[in-house]
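Numbering (our numbering), first residue to last: 16 to 344.
One structure below.
Below is the structure:
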């Protein structure tokens with residue numbers, strides 16, 4: 016009797032090449048690496064089309080996040096409503112690249128985020144650690160930062176402190192949009208890195224579309240505003256998790272406004288955090304055949320929580336001023 020082996024539902028494209036041992040070592044030791052021309056033009060066309068649609072169709076949360084400075088636009092969980100970004104996440108080689116960097120068997124997608132700084136937008140991105148914001152914990156986590164435009168320090172390319180992912184400190188989550196509810200006062204203040212650059216091993220790269228910055232979520236990073244009068248800076252961030260990551264929600268962490276099956280201290284599960292490798296979960300994939308909007312009740316609760324946190328922070332700042340970061344050129 017002949018049996019047919021079930022073929023796993025693994026649709027993610029293989030990358031043009033495997034990462035080298037030296038690239039993986041640099042990621043592990045430095046906490047960041049620039050992968051040169053690892054995304055082919057068709058994938059980059061999808062990134063750009065997705066960002067442009069997101070700019071035209073900003074979510075309610077995106078409009079809140081972009082409220083501070085004209086010309087600086089952000090939004091998150093784009094893939095939940097923009098089909099071309101959903102397809103990028105499921106079918107592009109990014110999951111395979113993340114798997115190699117993390118040394119993981121399972122790769123799940125955490126969330127995406129758009130960053131757009133128009134020419135002349137004086138909006139620095141403060142130095143920060145991503146993991147301070149997130150309701151997850153673990154070592155097998157990596158972020159991809161994918162620019163759609165040529166980028167250097169002048170038009171707000173990212174700067175990193177090499178090796179800072181291995182520091183023992185966990186710093187307050189000072190985000191680009193200054194969401195008060197995720198600032199944990201029990202954490203340390205971030206040092207004024209730009210005021211004392213000789214004390215830190217700073218690293219950055221000139222980049223072209225097709226390049227990816229891959230970095231650990233504890234690696235300190237930030238950027239100057241876009242000083243260019245002609246060049247935009249559009250970028251998409253994709254976040255990936257591996258085998259050891261657990262769900263760790265807190266009132267001081269980014270809330271998840273979408274349906275999922277994760278429980279505190281358990282592995283990520285459900286449609287908000289779909290498994291891409293080694294194979295997809297049919298139920299998770301089917302849940303995203305139709306666009307999903309953020310839960311309105313959860314959004315309202317988050318808004319109220321943030322307003323209360325902002326009021327407390329204002330009162331606290333009158334007693335103890337928050338340290339400033341130097342971002343003058």
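Positions of the beta carbon are idealized from the N, C-alpha and C atoms, including for glycine.
Worksheet item: residue 34: buried (16+ other C-beta within 10 angstroms of its C-beta) or exposed?
Response: buried
Practice prompt. Can you give me the Cβ contacts of residue 341 inside the same chain, cut-off strictly under 6 Å, excluding the 5 residues immediately before and after it?
Written response: Cβ neighbours of residue 341 beyond the five flanking positions: 207, 209 and 210.
request  = Taking only the alpha-carbon atoms, compute the straight-line gap between residue 203 and residue 138 and give it to the nearest angstrom.
outcome  = 23 Å
By the three-class DSSP mapping on this structure, what secondary structure does residue 94 have?
Residue 94: helix per DSSP, three-state reduction.
query: How would you call residue 72, buried or exposed, if buried means at least 16 neighbouring beta carbons within 10 angstroms?
result: exposed
Using the Cα positions of residue 133 and residue 241, report the straight-line distance between them to the nearest angstrom. 7 Å
Would you call the segment 166-180 and the segment 117-128 in contact, with 3 or more CB pairs under 8 Å?
-> no
Practice problem: Determine the burial state of residue 338: buried for a count of at least 16 other Cβ atoms within 10 Å of its Cβ, exposed for fewer. | Solution: exposed
In this structure, does DSSP put residue 298 in helix, strand or coil? helix
Residue of 42, 59, 303 and 38 minimising C-alpha distance to residue 223:
59
Q) Could you give the residue range of the beta strand (DSSP E) that holds residue 161? A) 156-162
Starting from residue 176, follow its DSSP beta bridges and name the residues at the other end. 217
For residue 227, which three-state DSSP category applies? strand
Task: 8 Å contact criterion, which residue 290 and residue 296 should meet: CB distance rounded - done: 5 Å
> DSSP state of residue 142, grouped into three classes?
Replying inline: strand
- Message: Suppose the cutoff is 8 Å on Cβ atoms and the five residues either side in sequence are ignored; what does the same chain contact list for residue 150 look like?
- Response: Only 262, 263, 264, 265, 268, 269, 270 and 271 meet the Cβ criterion.
Problem set entry | Contact under 8 Å by Cβ, residue 237 with residue 140 | yes
Starting from residue 112, trace the alpha helix (DSSP H) in both directions and tell me its first and last residue.
109-117
Next item on the list: Return the residue from the list 280, 243, 279 and 307 that minimises the CA-CA distance to residue 286.
Entry: Of the candidates 280, 243, 279 and 307, 307 places its Cα closest to the Cα of residue 286.
* Asked: If we count the other Cβ atoms within 10 Å of its Cβ and call it buried at 16 or more, is residue 45 buried or exposed?
  -> buried
In the DSSP assignment, find the unbroken alpha helix (DSSP H) run with residue 127 in it and report its ends. Element bounds for residue 127: not the alpha helix (DSSP H) but the beta strand (DSSP E), 122-132.
Do residue 91 and residue 143 have their beta-carbon atoms positioned less than 8 Å apart in this structure? no
What three-state label does DSSP hand residue 106 in the structure shown? helix
Notebook entry, point to check: If you run the structure through DSSP and keep just helix, strand and coil, what is residue 254?
Noted result: strand
* **Spatial neighbours of residue 250 in its chain, beta-carbon cut-off 7 Å, leaving aside the 5 residues before and after** => 130, 160, 161, 162 and 163
Discussion item. Considering just the uninterrupted stretch of the alpha helix (DSSP H) at residue 59, what are its terminal residues?
Written reply: 56-71
* Asked: To the nearest whole angstrom, what separates the beta carbons of residue 146 and residue 233, a pair I think is in contact under 8 Å?
  -> The pair is a contact, with the Cβ atoms about 5 Å apart (cut-off 8 Å).
Subject >> First and last residue of the uninterrupted alpha helix (DSSP H) at residue 40 >> reply: 36-45
Quiz item: How would you write the range of the alpha helix (DSSP H) that residue 77 sits in, first residue to last?
Solution: 75-80 is the span of the alpha helix (DSSP H), which, as asked, contains residue 77.
What first and last residue would you give for the beta strand (DSSP E) that runs through residue 292? 290-292
Among the candidates 293, 87 and 229, whose CA atom is the shortest distance from the CA of residue 41?
229
Can you tell me whether DSSP reads residue 152 as helix, strand or coil? strand
Exercise. For residue 315, does the three-state DSSP call read helix, strand or coil?
Worked result: helix
- [ ] Ignoring anything shorter than 3 residues or poking outside the segment 240-285, list the beta strand (DSSP E) runs there in chain order.
- [x] 248-256
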